[in-house]
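Going from the sequence shown to my numbering is simple: count from 1 and add 17. Ideal Cβ positions, reconstructed from N, Cα and C, are used throughout, including at glycine.
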Amino acid sequence: MVTVNGEFPGPRIVAREGDRLVFLSKWLTMHGIRQLRSGWADGPAYVTQCPIQTGQSYVYNYTLVGQRGTLFWHAHISWLRSTLYGPIIILPKHGVPYPFTIPYKEVPIIFGEWWNADPEAVITQALQTGGGPNVSDAYTINGLPGPLYNCSSKDTFKLKVKAGKTYLLRLINAALNDELFFSIANHTLTVVDVDAIYVKPFESDSILIAPGQTTNVLLKTKSKYPNATFFMNARPYVTGQGTFDNSTVAGILEYEVPSHIQSTNSIKKLSLYKPILPALNDTSFATSFANKLRSLASSRFPANVPQKVDKHFFFTVGLGTSPCQQNQTCQGPTNVTKFAASVNNVSFTLPTTALLQAHFFGQSNGVYTPDFPSKPLFPFNYTGTPPNNTMVSNGTKVVVLPFNTSVELVMQDTSILGAESHPLHLHGFNFFVVGQGFGNFDPSKDPAKFNLVDPVERNTVGVPSGGWVCERKVPH
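In structure tokens form, the structure reads like this:
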């Protein structure tokens, strides 16, 4: 297992809004930090920067602007991120209070995965054969799989709390591919922040968190010692036909025993309560939860939604097929084809020179082409009967935008090889989720229903299974 400083999860980074961060790294990228004129510091390999070479290091140097809440760092080449990750906690500026109840204590909770195999070998095999990658052996909470897996009852995350207190749980989904439901038995969570942006608080018994997303929730403990313990469980939200792990990870919420009953026998017979999580395929809950997320849109924390759009894009997202290498058997729909993810029928080919580097030095010729299509070249019924031809093209194509361009992007799920939810992350910037729906996006009717007043602002969103999502990018 590859780790940072021998820790799993890795060490936390704690800073305040407005702080300048300078630190040396041999592995990392930052997930969700707004990179204002420092895009090279948000490092997906060969996109914004070259990978940090063996024996070399890289100095990150940027300022935290307009964010307060929870983000995380992780490796960003191949599947090293399966074990290399940790929390980034951004506190408000000194003297600036939270817009909610001041918590008694703050607790980072990171959802991840445990692998008995080498994750690098797993993804290498999947890329070669074109089949879905093998799943992990367990989900984890703060690196621990918990009592619902074989031989791991001693490896359980326990959150010890006091009665009558408010805790801020900083939830992070560092799992590779799976959106997760999370709930604590007999307790209600109040959502107050997503992706380091405050939201209008709302209560929910369960939350949904996609890979790469963060969610801050307030947990108000019971007013009196309950003489019980409570499971805190997470399991996947599943929409497609691909491989997934349908197991459940559990941690335990324990109450501190008041001194006046510590000597009694009652504490030896604690009841254990289990939460009722949404069903694995509960799209109704997923949609309802997403619709509750709204920006504060206050004078202190305005929602600066672009009202004017300079560029409109329509991207279809989904799986297609591509040919196997010669004399190789693949695991796609046929033994001579393999699955390939694509946007507007273009499956990304990783360059050997970082795209931003090539652009900066004027050496883009031969590295990428600036002709990524702004809409599908061959329109079809995206969520209906799939077309006969499922083959995708391969290329290193980019969209080139002038500085300070406001963008509206509709991402449309497709049913070519089965509809499914697709979590997508925008590096270095935030966006507003102004609309979403099911079926095919209708440009003549759906924009009239866009929320341009208080839409949620975030950096990662799930494209609904069999539907679409529309975002507007904050101009810079």
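Checklist entry - Where do the N-terminal and C-terminal ends of the beta strand (DSSP E) with K309 fall, by residue? => result Along the sequence shown, read from residue 1 onward, the residue named residue 309 stands at position 292. First-last for K309: 300–309, but that is the alpha helix (DSSP H), not the beta strand (DSSP E).
Next on the checklist: According to DSSP, is S312 part of a helix, a strand, or is it coil?
Outcome noted: Taking the sequence shown and counting its residues from 1, the one referred to as residue 312 is at position 295. Residue state, collapsed to three classes: strand.
Checklist entry - Which stretch, first to last residue, makes up the alpha helix (DSSP H) that contains E137? => result Numbered from its first residue, the sequence shown carries residue 137 at position 120. Element bounds for E137: 136–146.
Checklist entry - alpha helix (DSSP H) containing D375: first to last residue? => result Taking the sequence shown and counting its residues from 1, the one referred to as residue 375 is at position 358. With the sequence shown as reference, residue 375 is identified as Ala, and Asp is not the correct amino acid for it. 372–377 is the span of the alpha helix (DSSP H), which, as asked, contains A375.
Item to check | Cβ-Cβ distance between G335 and I433 below 8 Å | outcome: Along the sequence shown, read from residue 1 onward, the residue named residue 335 stands at position 318. Along the sequence shown, read from residue 1 onward, the residue named residue 433 stands at position 416. Contact: yes.
Checklist entry - Given Y63, which residues of its chain have a CB within under 6 Å of its CB, disregarding the five upstream and five downstream residues? => result Here the question's residue 63 lines up with position 46 in the sequence shown. If the five residues before and after Y63 are omitted, its C-beta is found closer than 6 Å to the C-beta atoms of L367, P368, A371, all from its own chain and listed in chain order.
Checklist entry - Whose C-beta lies closer than 7 Å to the C-beta of T407 among residues of the same chain, with five residues either side of it excluded? => result As a working note, residue 407 is residue 390 in the sequence shown. Within the same chain, T407 has close Cβ partners G337, T338, I433, L434.
Checklist entry - What are the uninterrupted segments assigned as beta strand (DSSP E) that are 3 or more residues long and contained completely in the stretch 244–270, given in chain order? => result 245–254
Next on the checklist: Measuring CB atoms only, is the stretch 284–296 touching the stretch 192–206, in the sense that at least three cross pairs come out at less than 8 Å?
Outcome noted: yes
Item to check | Three-state secondary structure assigned by DSSP to P340 | outcome: For this step, residue 340 is matched to residue 323 along the sequence shown. P340 falls in the strand class under three-state DSSP.
Checklist entry - What does a CB cutoff of less than 8 Å around N78 pick up in its chain, not counting 5 residues either side in sequence? => result Against the sequence shown, residue 78 aligns to sequence position 61. Contacts found: R37, L38, V39, S55, A58.
Next on the checklist: Residues in the same chain with beta-carbon distance under 6 Å from F306, minus the five sequence neighbours each way, listed in chain order, please.
Outcome noted: By one-based count along the sequence shown, residue 306 stands at place 289. Once the five neighbours on either side are set aside, the close Cβ partners of F306 are L225.
Next on the checklist: Per DSSP, what are the beta-bridge partners of A32 in this structure?
Outcome noted: To locate residue 32, count along the sequence shown from 1; it is residue 15. BP columns for A32 point to I107.
Checklist entry - DSSP on P292, reduced to helix/strand/coil? => result Sequence index remark: in the sequence shown, residue 292 carries index 275 (1-based). Note: P292 maps to coil in three-state DSSP.
Next on the checklist: If you reduce the DSSP assignment to three classes, tell me which class P125 lands in.
Outcome noted: Taking the sequence shown and counting its residues from 1, one reaches residue 125 at position 108. Looking at P125 - three-state DSSP - the assignment turns out to be strand.
Next on the checklist: Suppose contacts are defined by Cβ-Cβ distances below 8 Å. Is T422 in contact with G483 by that definition?
Outcome noted: Here residue 422 is taken as the residue at index 405 of the sequence shown, counted from 1. Here residue 483 is taken as the residue at index 466 of the sequence shown, counted from 1. For T422 and G483, no; Cβs fall outside 8 Å.
Checklist entry - Exposed or buried, what is C341 when buried is set at 16 or more other beta-carbons lying within 10 Å of its beta-carbon? => result Position 324 of the sequence shown, counted from the first residue, corresponds to residue 341. That one is buried.
Checklist entry - Taking contact to mean at least 3 C-beta pairs separated by less than 8 Å, is the stretch 23–38 in contact with the stretch 82–90? => result Counting Cβ pairs under 8 Å, three or more are found: they touch.
Next on the checklist: I'd like to know whether the C-beta atoms of S99 and L193 end up nearer to each other than 8 Å.
Outcome noted: Here residue 99 refers to the residue found at position 82 when the sequence shown is read from its first residue. Here residue 193 refers to the residue found at position 176 when the sequence shown is read from its first residue. Contact flag set, yes.
Next on the checklist: Helix, strand or coil for D430? Go by DSSP, reduced to three states.
Outcome noted: Here the question's residue 430 lines up with position 413 in the sequence shown. Note: D430 maps to strand in three-state DSSP.
Item to check | C-alpha distance - I69 paired with V384, whole-angstrom precision | outcome: Here the question's residue 69 lines up with position 52 in the sequence shown. Here the question's residue 384 lines up with position 367 in the sequence shown. Going from the Cα of I69 to the Cα of V384 covers about 19 Å.
Item to check | Contact between the stretch 247–259 and the stretch 202–213 (3+ Cβ pairs under 8 Å) | outcome: yes
Checklist entry - If T333 and P393 are in contact, beta carbons under 8 Å, what's the gap, nearest whole angstrom? => result Residue numbering aside, residue 333 sits at position 316 when the sequence shown is read from its first letter. Residue numbering aside, residue 393 sits at position 376 when the sequence shown is read from its first letter. Right, their Cβ atoms sit about 5 Å apart.
Item to check | Own chain residues within Cβ distance below 7 Å of L310, not counting five before or after | outcome: As a first step, residue 310 must be located in the sequence shown, where it is residue number 293. Same-chain partners within the cutoff: V211, V216, V473.
Next on the checklist: So if DSSP puts N190 in a beta bridge, which residue, or which two residues, is it bridged to?
Outcome noted: On the sequence shown, residue 190 is found 173 positions in, with the first residue counted as 1. Note: N190 is bridge-paired with F128 in the DSSP secondary-structure output.
Checklist entry - Whose CA, out of D222, H376, H277, lies closest to the CA of A303? => result Indexing the sequence shown from 1 puts residue 303 at position 286. Checked all of D222, H376, H277; the closest Cα to A303 is D222.
Next on the checklist: Please classify V486 as buried or exposed, where buried requires at least 16 neighbouring CB atoms within 10 angstroms.
Outcome noted: Taking the sequence shown and counting its residues from 1, the one referred to as residue 486 is at position 469. Flag for V486 reads buried.
Checklist entry - Of all the beta strand (DSSP E) runs that stay within the bounds of the stretch 53–110, which reach a length of 3 or more residues? => result 75–80, 86–92, 102–108
Checklist entry - Terminal residues of the continuous beta strand (DSSP E) containing Q453? => result Translated into positions along the sequence shown, residue 453 becomes position 436. 448–455 is the extent of the beta strand (DSSP E) around Q453.
Checklist entry - Helix or strand or just coil, what does DSSP make of I119? => result Mapped onto the sequence shown, residue 119 falls at position 102. Three-state result, I119: coil.
Checklist entry - Alpha carbon to alpha carbon, what distance is there between E220 and P150? => result The residue given as residue 150 occupies position 133 in the sequence shown. The residue given as residue 220 occupies position 203 in the sequence shown. P150 and E220: Cα-Cα distance of roughly 36 Å.
Item to check | Pairwise C-alpha distance: T183 and K239 | outcome: By 1-based counting over the sequence shown, the position of residue 239 is 222. By 1-based counting over the sequence shown, the position of residue 183 is 166. Approximately 10 Å, taken between the alpha carbons.
Checklist entry - Out of curiosity, what's the CA-to-CA distance linking T20 and Q345? => result For this step, residue 20 is matched to residue 3 along the sequence shown. For this step, residue 345 is matched to residue 328 along the sequence shown. About 34 Å.
Item to check | Three CB pairs or more closer than 8 Å across the stretch 351–361 and the stretch 450–465 | outcome: no
Checklist entry - Sorted by chain position, which residues of the same chain lie with C-beta nearer than 7 Å to K110's C-beta, five sequence neighbours on each side aside? => result Position 93 of the sequence shown, counting from 1, holds the residue named residue 110. Once the five neighbours on either side are set aside, the close Cβ partners of K110 are R33, E34, G35.
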